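Notes follow once the structure below has been shown.
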Amino acid sequence: MKVLNIDKHNEILALKEEIEMIEDYGVNNMNLEELQYLKRMSKECHTYMNCVNSTINNLQLRDEHNNTEKSEELKYYEEKLELFKKYLPQYDEYKTQLEEVLAA
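Numbering (full-length UniProt numbering), first residue to last: 1 to 104.
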């Protein structure tokens, strides 16, 4: 199993900390302002994840064109993408739960 080093990915570390805060505080105790923040963060994270994905594609093409092994830069971005895929769905789920709580 591959061990991912979240400490070198500040934006994902922040996302993980947000998830932990939501878990500690509880979705039922949050308000509309916090929902707006979750929506904004989610959108920014999805946009950033798409940028990471594009960067990976470009680096793969570069490495293939140069006929070299996978670069450290490519490995870094692949790890970042894996971490986004791990934490972003959970964050989005909390956002959806909060939308449902506030709609009730």
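Backbone N, C-alpha and C define an ideal beta-carbon position, used for all residues, glycine too.
These numbers were taken from a predicted model, which means no experiment stands behind them.
Residue closest to residue i, alpha-carbon to alpha-carbon, out of the options
i, options, result
"His9", "Ile56, Tyr91, Tyr76", "Tyr76"
"Leu98", "Glu44, Glu11, Leu38, Leu15", "Leu38"
"Met41", "Ala104, Tyr91, Ala103", "Tyr91"
"Cys45", "Asn57, Lys85, Ala104, Thr96", "Lys85"
Run of the alpha helix (DSSP H) containing residue i, from where it starts to where it stops
i, result
"Asn67", "Segment: none, Asn67 is in no alpha helix (DSSP H) and carries neither H nor E."
"Lys86", "72-103"
"Met21", "10-25"
Residue i and residue j closer than 7 Å at C-beta
i, j, result
"Val101", "Asn29", "no"
"Leu83", "Ile19", "no"
Whole-Å CB distance - residue i paired with residue j, under 8 Å assumed
i, j, result
"Leu74", "Leu59", "4 Å"
"Tyr94", "Leu15", "Incorrect: roughly 11 Å between the Cβ atoms, too far for contact."
ask   = Are the segment 62-79 and the segment 33-41 touching, with three or more C-beta to C-beta distances below 8 Å?
value = no
task = Count the C-beta pairs between the segment 18-29 and the segment 42-57 that are closer than 8 Å, then say yes if the count reaches three, no if not.
result = Taking one beta carbon from each stretch, the segment 18-29 and the segment 42-57 have fewer than 3 pairs nearer than 8 Å; the two do not touch.
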